[in-house]
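So the sequence lines, in the order shown, correspond to chains A and B.
Note that the working numbering numbers the first sequence so that position 189 is 203, with each residue one more than the last.
Note that the working numbering numbers the second sequence so that position 725 is 1464, with each residue one more than the last.
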Amino acid sequence: MKAAAFDYVRPASVAEALELLRRHGDAAKLISGGQSLVPALNLRLLAPEILIDLGGLDLRSIAMDGGVLRIGALARHVDLLNSALVAEHAPLLALAMPHIAHPAIRNRGTIGGNLAHADPASELPAVMQALDAAIVVEGADGTRRVDARDFFTGIYETVLAADEMIVGVEIPVAEAGRRFFFHEFSRRSGDYAIVGLAAAATVAGGTASDVRLCYFAVGDKATLAEGAGAALSAGPMSVERVAAAQAALAEDLSPQDDQQGSAATRMHLARVVLARATAALFDDPALAGRTAA
Amino acid sequence: MNEHNPLTALDRPNSYIGRALPRPNLTRLLQGRGQYVSDMSLPRMAHVAFVRSPYAHARINGIDATEAKAMPGVVAVVTGKELAEVCTPWVGVLSHLKGLKSAPQHAIAVDRACWQGEAVCAVIAETRAAAEDAAERVMVDYEELEPVTDMMTALDSETPLIHPELGDNLAFERNLDVGEVDKAFAEADAVVEAEFVFGRHTGVTLEPRAVIGDWNPGEERLTVYQGTQAPHMMQNIIAKHLGLEEAQVRVVCKDVGGSFGIKVHVYPDEMAVVALSKLLRRPVKYVADRIESFNTDIHARDHRCKAKIAVKADGLITGFAIDDVTGIGPYSMYPRTSAIEANQVVNLVGGQYTNQNYRARTRVVFQNKNVTCQYRAVGHPIACSITEGLVDLAAREIGMDPAAMRRRNLIPDDAYPCAAASGLKFESLSHHASLDKLLSMMDYDGLRAEQAELRKRGIYRGIGLATFIEVTNPSAAFYGVGGARISSQDGVAIRLEATGRIIVQTSITEQGQGSEAITAQVAAHALGVPMERVRVILGDTDNTPYGGGTWASRAAGIGGEAAWQAGKALRTNILAVAASILQADADALDIVDAKVVDKGTDVERMPLEEVARIAYFRPDTLPPGFQPELMAVRHFVPREYPFAFTNGIQASWLEVDPDTGFVTLLKHWCVEDCGTIINPQLVDEQIRGGIVQGIGPALYEHCLYDERGQLTNASMADYLVPMASEMPDIEVGHVVSPTMESELGAKGAGEAGTAGAPAAVVNAVNDALAPFDVRIVEIPMTPEVILRALGKI
């Protein structure tokens, strides 16, 4: 389990990194925290000719800018976990952080690396979509902002071009009355989820609005369950409304079999977590629909 | 021990037996100063990477190594055929397992690969990375053959034969029929049947298998540095297959990062490494990487067992019957064989109960998957899960409390010696005392009340009990009688150094469980010296007495007794020298705190270093004809009982979420009886670690093969070992029934935890889900298994 030989370069600026990317194209891989890339190298699943180490770039800041929380691509999971700004302005992100792997991985893994990797079982792509975040991408032609909903295209696939890199994310700050829920079913603490849900909704007068339910580990990418979200916000909340939203998941999601669980198990758990999310968002345990003998 | 036996001399100085003392090797290991084979480097050492079969079953039509040989840093590329010139094949059978058959197995596959991951070619290079680079360039011409993967159809006539020369895919079959089984089932008030499924799993060691072969042509000797549990066994086998005299092979086993039975076997790739060293006349090193570990470290379990129990309305068990099948891979592992686990299942089912009507059949079949063999608690968790699963199901059927059901049937504590239906002989067990202690520790009645209260609120918690018996201190009955040169005795040599310090050489080995600590404790106690004065040497065939090593819960009971007897012998010898110097009666002298004293008053006469000084440097002052012997050697093996059985009982308390199928472990208890406890902390660690290794397969661990025989989860991300976050607090209690076979009275404790934990957890899940009338007899109990049982998916 030794990586194949590769060249290594550590640029001092984003411009230099982009130039290296342009020059080496598909033969290069960007490395930030390396928590997914290094195992893939050691398993020889990937054998890039050159690694471009982003560790020297100044992209670690977490800052408020007007109504937007800006997070640099190289902010580590542990930085987000410990950030007061994240806790205050992006509470859903704060809720998700403890579920991301283990401390050793959180100490090195970065938000930019995580999003670029686009693991369908990863938490952050779902959180970004639930929070309506923009992913800030830089390339030869300048900077563009990609809606998180449009960023992920499949298993380990994104809209990033070969000569582009993520430099940060922008998250609109949480408005008053916005409520959040995060949960994932994983066999052991820190494992990949079998099913996970990042949810946000505005709750007022027994009714939900602007419901964003983003599932992960249920398909080839984190997926907004738009039908279920619409069903939940169609009128005053009730057990029947939860059931209707659960039924809508059949259209929203296309889970697959793998060794952690069958598609049927995933769909079942997706329905369960939807009811629990609703119960939590409305602070009404009766909506969770728990089984009783 | 003192609470049970106030007459021991625990309040004297140097009384170490029964005390929770830190291990002498702790500081060294915690400072990262251990000497693991993985860390070792020798001058001119080369590294091996193996080309391994991507197919479960394939003919090897040819191997083209031209390109690989031209890669930078490559020393050699060696095929199975080439290696067979220096290393003969073996057949993993034992004569006392009648009918057991297997096929010759080579260190590297010669013309056919029989499981995915079997080595087909070795690449030796200056570094492991260079070897891996070159291994990618070895072109193997495979012709894929139909794999045999389903053990349930392995014996069908249309299934291809893995070894046509054997005539079928049946490696071993054993049948047992004791008492009046048909009558018992015919006359039972209730009969409960179930088909138990035990997933295939493995033992995951922190340090993978590691070996260095160092052939020295100058002295025609091979030194093997190996993470092994049985150095003398390895010495014998390496010599035998490399055409050497045993005296030409030295096996050195320094620190080992965990073994659990994984490292007591003869692995073809490790044999290849030592053979390559001889072939290449230089040191050759191999450390398995994690994928290789999952694909080639022995797997275990993989049983499917139809079983039934006959009971009377009052709870009396009147019969057990089992029909078991297990798949062991394409070969029976060498030299301990892959039939032992199935054999143990037959031996152990129902062994804790008075019932004497028992019928069993087990069939051990070949398949194209990795080889299975003995892993911690061989057969025990299977037998215990079947027995205790049936007892709980029967208790439910007749409406009896599970604890009361066990009390009704466990062999009474005053019934010993006696024998199980299968013929196992029990010297002295304590099932009822253990059950009573456990129920009191866990507040069984209080917990039942809490469970009932919580159920009203839609919270489903369960209590699972599992009584067990454990084979420890094996005599020659395990392997020696079957013709294997695996020693069941152990030896200890102990000597007084000129400075008054003590050197102990023992044939047991240390893999992290504390063998070194208990040896030092026993020796210091026997001799009457501070433990700090004692240095223990183990794991070196050149420098320890001949013996078995550490496996099958034997180190403390057998090696410990050898240390005790050797310590006593040296004490006698020292006192003889002292008596001669002091012109005293040796019987009136004693050794306390490394000083010769007057027995009774403890008045100091002379320190041990003075005895040593005179004996070693001024023997001229001793009486003519008196020869001091400041070294003593003693060996021990149990002779009266083939095994020293221990017993115990575990309980699990957990919560099941019926909507998700997720299980939360809340608490686990174990009361066990390993006889005399030498170091309570080490015993408790063994029990706790063992329980975790039993919970693993109950809920998490599973080697998942697809229908083509591909292992699909060979990584630490996909193969789920139990982790601290999910583990419950584990409370351990003891009952002490020493074995009378030894003066020390110690039995083994290494496997008790693993033996009972799966059954306790399964029974607790079933108990939690009892309101849903659910019955789960399959492990691992994944959320999916539980959801399916609940009809949710």
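Where a beta carbon is used, it is the ideal one built from N, C-alpha and C, also for glycine.
Handout entry: Of the listed residues B:A1158, B:G1296 and B:H835, nearest to F911 (chain B) (C-alpha basis)
Key = B:H835
Practice task
Taking only beta-carbon positions, decide if N975 (chain B) is within less than 8 angstroms of chain A.
Solution key: no
Handout entry: Per DSSP, cross-strand counterpart(s) of R226 (chain A)
Key = A:A214
Exercise for the section: Would you list, in chain order, the members of the region 222 to 233 of chain A that have their beta-carbon closer than 9 angstroms to a beta-carbon of chain B? Expected result: none
Handout entry: Local conformation of S1032 (chain B) per DSSP, three classes
Key = helix
Exercise for the section: Let me know if Q1432 (chain B) comes out buried or exposed under the rule of 16 or more other beta-carbons within 10 Å of its beta-carbon. Expected result: buried
Problem - Residues of the region 1397 to 1408 of chain B whose Cβ lies closer than 9 angstroms to any Cβ of chain A, in chain order - result: P1397, D1398, T1399, G1400 and F1401
Problem - Cβ pair count under 8 angstroms reaching 3, the region 1216 to 1232 of chain B against the region 1409 to 1417 of chain B - result: no
Practice task
Taking only beta carbons into account, state which residues of the region 1434 to 1462 of chain B come closer than 9 angstroms to chain A, listed in chain order.
Solution key: L1438, Y1439, H1441, L1443, T1451, N1452, S1454, A1456, D1457, L1459, V1460, P1461 and M1462
Exercise for the section: Evaluate R120 (chain A) with the Cβ neighbour count: other Cβ atoms within 10 Å of its Cβ, from every protein chain shown; 16 or more gives buried, anything less gives exposed. Expected result: buried
Practice task
Mind checking who D67 (chain A) pairs with in its DSSP beta bridge?
Solution key: A:I45
Handout entry: Whether A1237 (chain B) touches R1344 (chain B) by CB criterion (8 angstroms)
Key = no
Exercise for the section: Could you check the C-alpha separation between F20 (chain A) and E1127 (chain B) for me, to the nearest Å? Expected result: 56 angstroms
Handout entry: Three-state secondary structure assigned by DSSP to I125 (chain A)
Key = helix
Handout entry: Closer than 8 angstroms at the beta carbon, the chain B residues around F199 (chain A)
Key = T1399, F1401 and P1522
Practice task
Select from B:H1374, B:Y1355, B:I1320 and B:L1321 the residue whose C-alpha is nearest the C-alpha of A1308 (chain B).
Solution key: B:H1374
Handout entry: Cβ shell of R758 (chain B) (< 8 angstroms), same chain only, five flanking positions each side left out
Key = L749, Q1260, N1418 and P1419
Practice task
Enumerate in chain order the residues of its own chain whose CB-to-CB distance from Y206 (chain A) is below 6 angstroms, with the five nearest sequence positions on each side excluded.
Solution key: A135
Handout entry: Residues from the region 267 to 294 of chain A in contact with chain B, defined by Cβ distance under 7 angstroms
Key = Q273, G275, S276, A278, T279, H282, L283 and V286
Practice task
Could you name the residues of the region 1175 to 1203 of chain B whose beta carbon sits closer than 7 angstroms to any beta carbon of chain A, in the order they occur along the chain?
Solution key: G1197
Exercise for the section: Within its chain, find whatever has a CB closer than 6 angstroms to the CB of M1181 (chain B); leave out the 5 residues flanking it on each side and keep chain order. Expected result: A1390 and W1408
Handout entry: Within 8 angstroms, strictly: CB atoms of Y1439 (chain B) and V1471 (chain B)
Key = no
Problem - Residue burial classification, L769 (chain B) (beta-carbon count within 10 angstroms, cutoff 16) - result: exposed
Practice task
State yes or no: is the C-beta of C853 (chain B) within less than 8 angstroms of the C-beta of I799 (chain B)?
Solution key: no
Exercise for the section: Indicate whether at least one CB of chain A lies closer than 8 angstroms to the CB of E865 (chain B). Expected result: no
Problem - Beta-carbon proximity of L83 (chain A) to A104 (chain A), cut-off 8 angstroms - result: yes
Handout entry: Within the region 934 to 1003 of chain B, ranges of the beta strand (DSSP E) (whole runs, at least 3 residues)
Key = 949 to 955, 960 to 965 and 988 to 991
Exercise for the section: Apply the 10 Å Cβ neighbour rule to G957 (chain B) and answer buried if 16 or more other Cβ atoms are within range, or exposed otherwise. Expected result: exposed
Handout entry: Where the region 852 to 877 of chain B meets chain A: residues whose CB sits under 7 angstroms from a CB there
Key = R867, A868, E871 and D872
Handout entry: Cut-off 6 angstroms between Cβ atoms - residues of its own chain near D1036 (chain B), not counting five sequence neighbours on either side
Key = T941 and I1001
Practice task
Please report how far the alpha carbon of D1063 (chain B) lies from the alpha carbon of G1278 (chain B), in whole angstroms.
Solution key: 38 angstroms
Exercise for the section: Tell me whether H1119 (chain B) is buried or exposed, calling it buried when 16 or more other Cβ atoms sit within 10 Å of its Cβ. Expected result: buried
Practice task
Might you give, ordered along the chain, the residues of its own chain that have their beta carbon closer than 7 angstroms to the beta carbon of Q968 (chain B), omitting 5 neighbours on each side?
Solution key: S998, K1002, V1003, T1248, Q1250, G1288, T1289 and W1290
Practice task
Quick one: grab the DSSP three-state call for L749 (chain B).
Solution key: For L749 (chain B), the predicted structure reports a pLDDT of 46, less than 50, and the residue's modelled location is therefore unreliable. The matter cannot be settled from this model.
Handout entry: Assumed close pair D928 (chain B), I1137 (chain B) - CB separation to whole angstroms, cut-off 8 angstroms
Key = 7 angstroms
Exercise for the section: Please check if any C-beta of chain B sits within less than 8 angstroms of the C-beta of A215 (chain A). Expected result: no
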